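A.B. asks: First the structure, which I've put down as structure tokens, then a few questions once you've had a look.
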Amino acid sequence: MASERIQERVTSLLAATNDAGGYPSSLVCTQDGLVIASAGEDEAEYTAAVVSLFDDVLVRARRDLGFTDVDEVALLDPARGRTVIRPLPLDSGQTLFLVVKVPPRATWRRHTNILRKQLAEILETLVREAS
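FYI, the numbering for the sequence shown is 60 to 190, going by our numbering.
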């Protein structure tokens, strides 16, 4: 029950950010591509593939390049547009991702910074409940 309220809050925050930034969709998912909450257009298979790719990029950046913290990866394709993937800063060690579809010429950094902070506070509770 509490997890349903958390999911509703997360969905509401995603929808508000979509409206503010003009984004067609955004979601929060696990590193396996399991969607926790979403707002806007739904492309589950695409999302799972993108998140899997991003998780691989994180592992390789840390292992092969010595990166200590990867804050964002943005993929740009003329047909699909821009997809921004940002890990959520959770103290629990669980890895969750914010995925936002960004239209041409739109900015995302400010909106996603604010959203990440809001989501981290809410999702810590959800992760603790699941443990």
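Each residue gets a CB set at the ideal place from its N, CA and C atoms; glycine is no exception.
Quick caveat: nothing in here was measured; it's all calculated off a predicted structure.
What are the uninterrupted segments assigned as beta strand (DSSP E) that are 3 or more residues long and contained completely in the region 70 to 120, given in chain order?
C.D. replies: Complete beta strand (DSSP E) runs here, min 3: 84 to 89, 94 to 99.
A.B. asks: Going along the chain, which residues of its own chain have a beta-carbon closer than 6 Å to the beta-carbon of M60, five neighbours each way excluded?
C.D. replies: Bear in mind that the predicted position of M60 carries a pLDDT of just 47, short of 50, making it unreliable; the figure below should be weighed with that in mind. So no residue of the chain qualifies.
A.B. asks: Starting from T142, trace the beta strand (DSSP E) in both directions and tell me its first and last residue.
C.D. replies: First-last of the beta strand (DSSP E) with T142: 140 to 146.
A.B. asks: Taking the continuous beta strand (DSSP E) assigned at D136, which residues delimit it?
C.D. replies: Start and end: 132 to 136.
A.B. asks: Kindly indicate which three-state DSSP category K176 falls into: helix, strand or coil?
C.D. replies: Three-state DSSP puts K176 in a helix.
A.B. asks: Evaluate contact between the region 73 to 85 and the region 166 to 176, counting only Cβ atoms and requiring at least three cross-stretch pairs below 8 Å.
C.D. replies: A contact exists between the region 73 to 85 and the region 166 to 176.
A.B. asks: Which term fits P146, buried or exposed, when burial requires 16 or more other beta carbons within 10 angstroms of its beta carbon?
C.D. replies: Buried, since its Cβ has 16 or more Cβ neighbours within 10 Å.
A.B. asks: How would you label G80, buried or exposed, when you count the other beta carbons within 10 angstroms and need 16 or more for buried?
C.D. replies: Per the 10 Å Cβ criterion, buried.
A.B. asks: From D101 to V87, what distance separates their C-alpha atoms?
C.D. replies: One C-alpha to the other measures close to 12 Å.
A.B. asks: Throw me the rounded Cβ distance for the I181 and V69 pair, which I believe falls under 8 Å.
C.D. replies: Their Cβ separation, rounded to whole angstroms, is 6 Å, which keeps I181 and V69 in contact under 8 Å.
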